[in-house]
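*Asks:* Take the sequence shown: its position 143, counting from 1, is numbered 143 in UniProt numbering, and each next residue is one higher.
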Amino acid sequence: MSPLVQQTRKRKRSPKHPTSSANAPTSSSVLKHPSLRTTPTHIFFHGGILSNWHPSISPFPGKNGLEICLPLLDELGIAHPSPESYSTLLIHEFGFGRGEQWMMAMKAWLFECEMDESGLKPFQKVGKASDQEFQRFQRDVLSPSVPATSSSFSGTGPGETVGSEKKDAWDSHLPCILRTNVPRSQKALGRKVRGFQPDVWNQASIPIMMAGCVARAQVDQELRDVYLAAQGRTFVEGSPRDRIWGVGLRWDSKAIEDEANWRGENRLGRCHGEAARVMQGVDRGG
1 MSPLVQQTRK RKRSPKHPTS SANAPTSSSV LKHPSLRTTP THIFFHGGIL SNWHPSISPF
61 PGKNGLEICL PLLDELGIAH PSPESYSTLL IHEFGFGRGE QWMMAMKAWL FECEMDESGL
121 KPFQKVGKAS DQEFQRFQRD VLSPSVPATS SSFSGTGPGE TVGSEKKDAW DSHLPCILRT
181 NVPRSQKALG RKVRGFQPDV WNQASIPIMM AGCVARAQVD QELRDVYLAA QGRTFVEGSP
241 RDRIWGVGLR WDSKAIEDEA NWRGENRLGR CHGEAARVMQ GVDRGG
């Protein structure tokens, strides 16, 4: 059993949908998707249903992803904003349209919203999603244009201008990523996140992305069907230019069929594999 599945088995109860082999969609009906190339051992893809840029059939709740990834980040010893912080509540209450939006938002959440002197103070407030003050904050930072006045960014009263602190919060990368549903823009914003630490991201990115894949599959029947039909196959992103999330080879090449030829880490493929195992109920035994 894989480490990530082992770490989630105590937190994920039985899946909401049937996952036995008898109920799993057949390979012939699902894995012949035009964006997939399937062999008895692998599922190769580039773009399409398994891409981070592919729109989810329905927005997936951030709270579902957080329920999976926060305990994993804790077990890895990765510091992150408090579950009650405004930054975490923004993620918790948001409906994500794509995997790319989830991953880049979580990247901004992890590095820009830290609870230290370099973090953005408005995001470090703590509260509850039901609090009126948080709801005003949420409305303000997700507004298409920066609000002229608000009491949600400091101790000012209604109608008072709060100046640069408000604009800094509105301009920061987390709300900017949440405000756009354009994956190219989400990716570009994610690359500019302040305080980024590559060594931390190397550890955090896989549990974060795996959690997003599971959360999306919980609301996206098409993705869930692919996971249930995978039946132990290895997911492989065949991107010739990506040696981190892919394997650095074309998805339709002969060379990609031999793992000895792979030139990359295949992080996205690994995340899909872990998510498929969760959705198949492999972690239900505890």
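Just so you know, even glycine gets a beta-carbon here, dropped at the ideal spot from N, CA and C. Please read these numbers as outputs of a predicted model, since none were measured by experiment.
Pick helix, strand or coil for P183, following the three-state DSSP scheme.
*Replies:* Residue state, collapsed to three classes: helix.
*Asks:* Based on the DSSP output, what are the partners of L36 in its beta bridges?
*Replies:* DSSP, once it has assigned bridges, lists F45 as partnering L36.
*Asks:* So the candidates are R243, A211, P40 and S253; which of them puts its Cα closest to the Cα of L72?
*Replies:* It is A211 whose Cα lies nearest to the Cα of L72.
*Asks:* Have a look at G248, F235 and P207 and flag the residue whose alpha-carbon is nearest the alpha-carbon of G65.
*Replies:* The shortest C-alpha separation from G65 is found at P207.
*Asks:* In chain order, which continuous runs of the alpha helix (DSSP H) of length 4 or greater are located wholly inside the segment 45-87?
*Replies:* Segments of the alpha helix (DSSP H) lying fully in the segment 45-87: 62-75.
*Asks:* So for F196, helix, strand or coil by DSSP?
*Replies:* Coil at F196, not helix or strand.
*Asks:* Let me make sure I understand the geometry here. Which of V247, N202, R216 and L174 has the alpha-carbon closest to that of M104?
*Replies:* Among V247, N202, R216 and L174, the Cα nearest to that of M104 belongs to L174.
*Asks:* Leaving aside the five residues before and after R98 along the sequence, list all residues of the same chain whose C-beta is less than 8 Å from its C-beta, in chain order.
*Replies:* Only N52, W53, H54, P55, S56, N181, P183 and Q186 meet the Cβ criterion.
*Asks:* Kindly indicate the opening and closing residues of the alpha helix (DSSP H) around G269.
*Replies:* Unbroken alpha helix (DSSP H) run through G269: R267 to M279.
*Asks:* If distances are taken between C-alpha atoms only, which option among G281, R241 and P59 comes closest to G232?
*Replies:* That would be G281, whose Cα lies nearest to the Cα of G232.
*Asks:* Between the C-alpha atoms of E93 and V146, what's the straight-line distance to the nearest angstrom?
*Replies:* Taking the straight line from one Cα to the other gives about 20 Å.
*Asks:* Tell me, please, which residues DSSP counts as bridged to F96.
*Replies:* Beta-bridge pairing links F96 to F60.
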